[in-house]
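Enquirer: Dropping the structure in here first, questions after.
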Amino acid sequence: MLNDNRIRVIIGHYGSGKTEFSINYAIQLAKEEKKVALADLDVVNPYFRSREKHGLLEEHGVKIMSSYVKGSGSDLPAVSADVLGPLQDKSSNVVLDVGGDSMGARTLGRYREYFVEGDYDMFCIINANRIETQTVEGVLHHISSIEGASRAKVTGLINNTHLLRTTTVDEVLKGQRLCKEVSEALNIPIKYTGVIESLVNQLPQDIEGTIMPIKMIMREAWM
Amino acid sequence: MDKVLMKGNEAIGAAAIKAGCKYFFGYPITPQNELPEFMSRELPKIDGVFVQAESEVAAINMIYGAAGTGARVMTSSSSPGVALKQEGISYIAGAELPCVIVNISRGGPGLGGIQPSQADYFQSTRGGGNGDYRHLVYAPASLQEAVDLTIEAFDVADYYRNPVIVIGDGMIGQMMEPVEFKEPKKRELPNKDWATTGTKGERRPNIINSLALDPAELEKHNIKLDKKYKEIEKNEVRYEMYKMDKAEVVMVAYGTTARIVKNAIDALREEGINAGLIRPITLWPFPNKAFNEIPDTAKALLSVEMSMGQMIDDVKIANEGRLPVHFYGRAGGMIPTPEAIMDKVKEIIGGGK
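Below, the structure is given as structure tokens:
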């Protein structure tokens, strides 16, 4: 069960695995809830955005919203007004997949009025193998710059430490140690641990938060 | 150092700094923006300088000037931006200055689109600038290779006093992969006694120039440059052969496309169809000699590209009329699938019976 507040904002450094986590999470959520919408708010990255997988998401019952400019060939920082619909509809479950870094998090300012305590969660995805989020100081700086740009508070951490298909259990545990220190420093819980599907059965007992098996959806088999 | 996960554009920037690049001049364009962004953040930390120029033309001429001082310099852009740099590249080659130019290429012609493409093969290997000049072109197929080749590019540029291009389709710039930064193997590099570093009244001024008023002098310069290019052709060719054993169809592909082709080859071999790959790592000089290593079992060559077939000419030149040459490609930012490549191979084998 994904017992989070109705609006879930997913933030993190680019390359942390935000989009993979968001898509996997939304698909899981759609198995439990009727109305699930995923908004691709990425105005930073030109490739690997969740809008590329709209067909797959719709098959799973996830409504996808992104730019009002159709096609993957646009790098205009444009977000559709459609995003407001599910945010205002109290019976909708919303996942906001926010583009890289504090620059991308500026899009969230527009939706500030919907980030009411108890109605939203903002999860920060942490990959301890990304150069700028390898240390506690790095992660804290990252979180504070995103909180500043979005004017919303992070409510949970997600350990998503990986090296793509070469991820090992040790990598996951390295990320967990980092997340625990950040968790203690900020008094925010570790809500999920994102792990590539093939590793799930090898994980030890003491994994923090709910384990979210990650299917690599954005990454083609040849990558 | 442990492996870190990096985006291609960042990894190339970090590799350049590792290689001693101190100065970067560029102008933004998708899909390479993370590279100048990275340099703008990192270069000031090492007493380097980042300048966002007013255009690509300005940026390449800043490279021309900075390279003349003997410093390690780099610029980056994407297809139409690199088109704008061609005049400056010709001047730099004429004046024999070392520099590294990165092209994270996208669909064309014209402004084209922002999705990955390999339609700058002609631009890179034939040159869009004027005159008898050539430059080395590295085409990495993974981020680790992009890192290694970028580091090496600075040495090679210094060694030959020549611009070096590192070309990756947009996918190489945008994708994430684990990379590590290894110490490069050292080349013996000549002193930069040609650099404009100030005479201090102790020597005659060094002059950086690509203008010649006397045709006989210019011809002498052309012959000297040509000798250098032949030297590069002899020494710097780089390629990979993949699963050539008993190959019936030999594919030729570089960069991202080579990765997809490798997947197709693995799947074909599981079905009992023997295919192999020649992967040029240098697009110029083209690995002609790899074609002499093709096994007797080969019935056809297949050039696979993210373009309408710009590499076919080089494949035909290297092939010297020995085997029929086929082509499969996607263009405009579309990426070939392993399945479509497999179908093409089956069609060629079927048609040959």
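So the protein lines, in turn, are chains A and B.
The numbering of the first sequence is my numbering, which starts it at 176 and goes up by one.
The numbering of the second sequence is my numbering, which starts it at -1 and goes up by one.
A virtual CB, placed ideally from N, CA and C, is assigned to each residue, including glycine.
1) Which residues in the same chain as N317(B) place their Cβ atom closer than 8 Å to its Cβ, once the five residues preceding and following it in sequence are excluded?
2) Using a 10 Å radius around the Cβ and a threshold of 16 neighbouring Cβ atoms, would you call P221(A) buried or exposed?
3) Could you check what DSSP says for H133(B) in three-state terms: helix, strand or coil?
4) From which residue to which residue does the alpha helix (DSSP H) around A56(B) run?
5) For A93(B), collect the residues of the same chain with a Cβ closer than 8 Å to its Cβ; drop the 5 residues on either side in sequence, then sort them by chain order.
6) Let me know if P107(B) comes out buried or exposed under the rule of 16 or more other beta-carbons within 10 Å of its beta-carbon.
7) So, do the stretch 18 to 28 of chain B and the stretch 42 to 53 of chain B have three or more beta carbon pairs nearer to each other than 8 Å?
8) On a CA-only basis, which of V311(A), T282(A) and H337(A) is nearest V391(A)? Give me that one, please.
9) When the Cα atoms are used, what is the spatial distance from S301(B) to K190(B)?
10) Any C-beta of chain A sitting closer than 8 Å to the C-beta of M173(B)?
11) From the DSSP output, in three-state form, read off N261(B) for me.
12) Output yes or no for whether 8 Å exceeds the beta carbon distance between V177(B) and M4(B).
13) What residue from W282(B), S38(B), V247(B) and A251(B) has the CA that sits closest to D341(B)'s CA?
14) According to DSSP, A273(B) sits in a beta bridge with which residue or residues?
15) Count the other CB atoms within 10 Å of the CB of P29(B); is the residue buried (16 or more) or exposed (fewer)?
16) Mind listing which residues of the stretch 337 to 358 of chain A have their C-beta closer than 9 Å to chain B's C-betas, in chain order?
17) Mind checking G230(A): buried by the 16 CB within 10 Å criterion, or exposed?
18) Do you know offhand how far D257(A)'s Cα is from K366(A)'s?
19) Is M304(B) closer than 8 Å to A329(B) when the C-beta atoms are compared?
20) Give the residues from the stretch 99 to 119 of chain B that approach chain A closer than 7 Å (Cβ to any Cβ), ordered along the chain.
21) Leaving out five residues on either side along the sequence, give the residues of the same chain with a beta carbon under 7 Å from the beta carbon of E231(B).
22) Leaving out the 5 sequence neighbours to the left and right, which residues in its chain are closer than 7 Å to K260(B) when beta-carbon positions are compared?
23) Is there at least one Cβ from chain A nearer than 8 Å to L3(B)'s Cβ?
24) Does DSSP classify T73(B) as helix, strand or coil?
25) For T368(A), count the other beta carbons within 10 Å of its own beta carbon; 16 or more makes it buried, fewer makes it exposed. Which is it?
26) Who are the neighbours of G319(B) on chain A, taking C-beta pairs under 8 Å?
27) Run the CB neighbour count on N376(A), radius 10 Å, all protein chains shown included, and call it buried at 16 or more, exposed below.
28) Does the ligand GTP have even one heavy atom less than 7 Å from the beta-carbon of Y136(B)?
Expert: Inspection of the coordinates gives the following:
1) F289, L299 and V323
2) buried
3) coil
4) E54 to G66
5) Y62, G66, I206, N207 and S208
6) exposed
7) yes
8) In the sequence as displayed, the identity of residue 391(A) is Met instead of Val. That would be H337(A), whose Cα lies nearest to the Cα of M391(A).
9) 41 Å
10) yes
11) helix
12) yes
13) V247(B)
14) V247(B)
15) buried
16) H337, L338, L339 and T341
17) exposed
18) 29 Å
19) yes
20) G111, I112 and Q113
21) P283
22) Y240 and L275
23) yes
24) strand
25) buried
26) Residues of chain A passing the Cβ test: none, with the nearest at roughly 32 Å.
27) exposed
28) The model depicted lacks the ligand GTP and carries no ligand whatsoever.
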